[in-house]
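Chemist: Dumping the structure here so I can ask a few things about it.
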């Protein structure tokens, strides 16, 4: 009979909560964001170095190892295998002719990655929505998506070339094939994630299929969709570069450029181009993380990573 | 043990807002959840069902609302504007308090101006004014429950079904929410059907408390609660309140075995 335990209810009029009382009920973590903006910034500033310092130190150590390998391990005659960082920077990044060549190629690759990602998103999200509407369709389509996902891309290179030629179109196809699965799976997972209570609520108030999708399932799926987008965006970049290796006709992408540098033993440019491609991948990944956070960060805790 | 027959011979059938007639529920897996339950809930009547866990109390609400179909018997209810307060607040996390409170009127196709007025009134009524633009993840359990109540209120439902709504909040908050629920009941005069484990909550809120047995759920006792409304929070310390609570507790113990 714990319910009958004595409780000293404070005021005589407890029917209405006062604003102050209600404010106490607000979770402590949110209180900071409710306060002044400076309060919020203070929290951020405190954690800034603890976030930035570890990777910075790790980066410096990495550069140290790089220098060590270049100068202490490799003899002078073999140093072309791994030029020291400042040489890579000088020849690769601070020689405009080289840099512009790489950037042009990278831009071309970026365009392919973007087109590939857009198509993969349309297909993935579209299929996920269709599959979310019917268990039958989900069961029918899903195995083929798994097969598509596990299919080694190299095995179907000849087929892609045969159907789409050996230029830009084929590269986009590779991109789409690689990028479509994560966006599909994450979107489907997200669409099916709204809890039963909310579905019951919509059922009670006679919500139709379209209303339920638009007002419940799709918003509930947004965090997962952005997770999928972020993964797919990274894969689209990889797809575009891989596609560039495999289908070299047409405009030159960063993959072609990397191949060329390797063939001509231009170590500085080769490393610079690889670094550039990595940086591009990171930027794309981060950009989608940021966009996702902007869209759903206010309400979805899991999107704040 | 005080056991009263549950047949509603005395009440006027025509005015019942919700009527269960010989309801039985057998789940496909063979679970016999509810066995021959009959009672009416009239406007201006607040009935609470107490019973052991898993006795089919929530199932009864699901049947009333149409979320579940009963195996036998008949339910009489107008489901066009049903009020259903869930165990969880079931707020949509991507909507602010205001947008959440507007959801049901939105689903029912109310014009925008009407939605806004109703939402503002309901938010005011549950004491959430000033928190309209907050997202649910920044609210406490009690405030989320208030938002959930406000959302239901916008429809001005003639029947209010409460499925153990305050089970997850702390005791002080629960008592406050009870008092607010009573205030709403006095104002709106709906037909209320409330499910809970808490005897004091049941006695404090209700005009009548029904005791349900362990599975298969059957109504085994019925208690008219004699206190007038408005009820003072201190009613909980009244000897008569304690006496009734004790009786119900005994009935509940009997229902467990």
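Protein chains in written order, with the working numbering: chain A, 24 to 328; chain B, 828 to 1084.
Glycine included, each C-beta is placed from N, C-alpha and C at the ideal position.
In this text the structure is predicted, and so the values were computed from the model without any measurement.
1. Return no unless some Cβ of chain A is closer than 8 Å to the Cβ of residue 962 (chain B).
2. At the level of alpha carbons, what is the spacing between residue 210 (chain A) and residue 911 (chain B)?
3. Taking buried to mean at least 16 other C-beta atoms within 10 Å of its own C-beta, is residue 884 (chain B) buried or exposed?
4. List the endpoints of the continuous alpha helix (DSSP H) containing residue 909 (chain B).
5. Can you tell me where the beta strand (DSSP E) with residue 904 (chain B) in it begins and where it stops?
6. DSSP three-state label for residue 238 (chain A), please.
7. Counting pairs of beta carbons, one from the segment 281 to 301 of chain A and one from the segment 209 to 225 of chain A, are three or more of them closer than 8 Å?
8. Residue 998 (chain B) and residue 1060 (chain B): beta carbons closer than 8 Å?
9. Going by DSSP in three states, residue 321 (chain A) sits in which element: helix, strand or coil?
10. Any idea what DSSP makes of residue 316 (chain A), helix, strand or coil?
11. With a cut-off of 8 Å on the beta carbons, I'd call residue 868 (chain B) and residue 844 (chain B) a contact; round off their distance for me.
12. If contacts are defined as beta-carbon pairs under 8 Å, then residue 967 (chain B) and residue 227 (chain A) qualify, I think. What distance do you get, rounded to the angstrom?
13. Which parts of the segment 972 to 1012 of chain B are runs of the beta strand (DSSP E), unbroken and 3 residues or longer, counting only runs that do not cross its ends?
14. Ignoring anything shorter than 3 residues, give me the beta strand (DSSP E) runs that lie fully in the segment 190 to 230 of chain A, in order along the chain.
15. Looking only at its own chain, which residues have a Cβ that is under 6 Å from the Cβ of residue 204 (chain A), when we skip the five neighbours before and after it?
16. For residue 962 (chain B), which of helix, strand or coil comes out of DSSP?
17. Could I get the ranges of all uninterrupted beta strand (DSSP E) runs contained in the segment 74 to 104 of chain A, with 3 residues as the minimum, in chain order?
18. Quick one, which of B:1073, B:1033, B:973 and B:1074 has its alpha-carbon nearest residue 915 (chain B)'s?
19. Does residue 126 (chain A) come out as helix, strand or coil in the three-state DSSP assignment?
20. Could you tell me which of A:193, A:169, A:131 and A:170 sits nearest to residue 180 (chain A), measuring between CA atoms?
21. Quick one: residues in its chain with C-beta nearer than 6 Å to the C-beta of residue 271 (chain A), no 5 flanking neighbours on either side, listed in chain order?
22. For the segment 212 to 236 of chain A, list every residue whose C-beta sits within 9 Å of some C-beta in chain B, in sequence order.
23. Of all the options B:860, B:1068 and B:1008, which has the alpha carbon lying nearest to the alpha carbon of residue 807 (chain B)?
24. For a contact meaning CB atoms closer than 9 Å, what does residue 242 (chain A) contact in chain B?
25. Helix, strand or coil for residue 849 (chain B), going by three-state DSSP, please let me know.
26. Using a threshold of 8 Å, state whether the C-beta atoms of residue 879 (chain B) and residue 1041 (chain B) are closer than that.
27. Any idea if residue 50 (chain A) is buried or exposed, counting beta-carbon neighbours within 10 angstroms, 16 or more meaning buried?
28. Just checking: is the beta-carbon of residue 892 (chain B) within a distance shorter than 8 Å of some beta-carbon in chain A?
29. Just the chain B side, please: which residues come within less than 9 Å of residue 158 (chain A) by C-beta, in chain order?
30. Going by C-alpha distance, which of A:238, A:115 and A:196 is nearest residue 258 (chain A)?
31. Taking all protein chains shown into account, do 16 or more other C-beta atoms lie within 10 angstroms of the C-beta of residue 897 (chain B), making it buried, or fewer, making it exposed?
32. Any C-beta of chain A sitting closer than 8 Å to the C-beta of residue 911 (chain B)?
33. If you follow the beta strand (DSSP E) that residue 859 (chain B) is part of, which residue opens it and which one closes it?
34. Determine which residues share a DSSP beta bridge with residue 1022 (chain B) and list them.
35. By DSSP, does residue 177 (chain A) sit in helix, in strand, or in coil?
36. Could you confirm whether any beta carbon from chain B is found closer than 8 Å to the beta carbon of residue 321 (chain A)?
Modeler: Reading from the atomic positions:
1. In the second chain, residue 962 (chain B) corresponds to position 135, counting from 1. It does; some Cβ of chain A falls within 8 Å.
2. Within the first chain, residue 210 (chain A) is the residue found at index 187, counting from 1. Within the second chain, residue 911 (chain B) is the residue found at index 84, counting from 1. C-alpha separation (whole angstroms): 30 Å.
3. The residue you call residue 884 (chain B) lines up with position 57 of the second chain. The Cβ neighbour count for residue 884 (chain B), taken over all protein chains shown within 10 Å, is at least 16; the residue is labelled buried.
4. Here residue 909 (chain B) corresponds to residue number 82 of the second chain, with the count starting at 1. No alpha helix (DSSP H) holds residue 909 (chain B); DSSP gives it neither H nor E.
5. On the second chain, position 77 is the one that residue 904 (chain B) refers to. Its beta strand (DSSP E) spans residues 899 to 904.
6. Mapped onto the first chain, residue 238 (chain A) falls at position 215. DSSP places residue 238 (chain A) in helix when its eight states are reduced to three.
7. Two segments are said to touch when three or more pairs of C-beta atoms, one from each, lie closer than 8 Å; by this definition the segment 281 to 301 of chain A does not touch the segment 209 to 225 of chain A.
8. Within the second chain, numbered from 1, the residue matching residue 998 (chain B) stands at position 171. Within the second chain, numbered from 1, the residue matching residue 1060 (chain B) stands at position 233. Not a contact, by the Cβ cut-off of 8 Å.
9. The residue you call residue 321 (chain A) lines up with position 298 of the first chain. In the three-state DSSP reduction, residue 321 (chain A) falls in the coil class, being neither helix nor strand.
10. In the first chain, counting from the first residue as 1, residue 316 (chain A) sits at position 293. Helix at residue 316 (chain A).
11. As a first step, residue 868 (chain B) must be located in the second chain, where it is residue number 41. As a first step, residue 844 (chain B) must be located in the second chain, where it is residue number 17. Contact between residue 868 (chain B) and residue 844 (chain B) is confirmed by a C-beta separation of about 6 Å, below the 8 Å threshold.
12. On the second chain, residue 967 (chain B) is found 140 positions in, with the first residue counted as 1. On the first chain, residue 227 (chain A) is found 204 positions in, with the first residue counted as 1. The distance from the Cβ of residue 967 (chain B) to that of residue 227 (chain A) is about 25 Å, inconsistent with a contact at the 8 Å cut-off.
13. Listed in chain order, the beta strand (DSSP E) elements of length 3 or more contained wholly in the segment 972 to 1012 of chain B are 986 to 990.
14. Qualifying beta strand (DSSP E) stretches: none in this window.
15. On the first chain, residue 204 (chain A) is found 181 positions in, with the first residue counted as 1. Excluding positions up to five away in sequence, the list reads 172.
16. Stepping through the second chain from its first residue, residue 962 (chain B) is reached at position 135. If DSSP states are grouped into helix, strand and coil, residue 962 (chain B) belongs with coil.
17. Taking only runs of at least 3 residues, no beta strand (DSSP E) segment lies wholly in the segment 74 to 104 of chain A.
18. Here residue 915 (chain B) corresponds to residue number 88 of the second chain, with the count starting at 1. Cα-wise, what sits closest to residue 915 (chain B) is B:973.
19. Locating residue 126 (chain A) in the first chain gives position 103, counting from the first residue. Assigned with DSSP and collapsed to three states, residue 126 (chain A) falls in helix.
20. Position 157 of the first chain holds residue 180 (chain A). Looking at the Cα atoms, A:193 is the closest of the given residues.
21. Locating residue 271 (chain A) in the first chain gives position 248, counting from the first residue. 279.
22. Listed by position, the residues of the segment 212 to 236 of chain A near chain B (Cβ gap below 9 Å) are 217, 218, 220, 221, 223, 224, 225, 226, 227, 228, 229, 230 and 234.
23. Look at the range of chain B in this structure, 828 to 1084, and you will see that residue 807 (chain B) is not part of it.
24. Here residue 242 (chain A) corresponds to residue number 219 of the first chain, with the count starting at 1. By Cβ distance, chain B contributes 919, 920, 921 and 922.
25. What you label residue 849 (chain B) is simply residue 22 of the second chain in a count that begins at 1. It is a strand residue.
26. By one-based count along the second chain, residue 879 (chain B) stands at place 52. By one-based count along the second chain, residue 1041 (chain B) stands at place 214. Taking 8 Å as the Cβ cut-off, residue 879 (chain B) and residue 1041 (chain B) qualify as a contacting pair.
27. Residue 50 (chain A) sits at position 27 when you count from the first residue of the first chain. For residue 50 (chain A), the pLDDT reaches just 38, beneath the cut-off of 50, and the residue's location in the model is therefore unreliable, although a value from the coordinates is still provided. When all chains shown are included, residue 50 (chain A) counts as exposed.
28. Mapped onto the second chain, residue 892 (chain B) falls at position 65. For residue 892 (chain B), at least one C-beta of chain A is nearer than 8 Å to its own C-beta.
29. In the first chain, residue 158 (chain A) corresponds to position 135, counting from 1. Going along chain B, no residue has its Cβ under 9 Å from residue 158 (chain A), so there is no contact; the nearest lies around 17 Å.
30. As a working mapping, residue 258 (chain A) is identified with position 235 in the first chain. Selected option, being the one with the closest Cα: A:196.
31. If you number the second chain from 1, residue 897 (chain B) lands on position 70. For residue 897 (chain B), the number of other beta carbons within 10 angstroms of its own is at least 16, and it is reported as buried.
32. In the second chain, residue 911 (chain B) corresponds to position 84, counting from 1. Interface residue, yes.
33. The residue you call residue 859 (chain B) lines up with position 32 of the second chain. That run of the beta strand (DSSP E) goes 859 to 868.
34. Residue mapping note: residue 1022 (chain B) aligns to position 195 of the second chain, counting from 1. Residue 1022 (chain B) pairs with B:876 and B:990.
35. As a first step, residue 177 (chain A) is located in the first chain; it is residue number 154 there, counting from the start. Residue 177 (chain A) falls in the helix class under three-state DSSP.
36. Sequence index remark: in the first chain, residue 321 (chain A) carries index 298 (1-based). At least one chain B Cβ lies under 8 Å of residue 321 (chain A).
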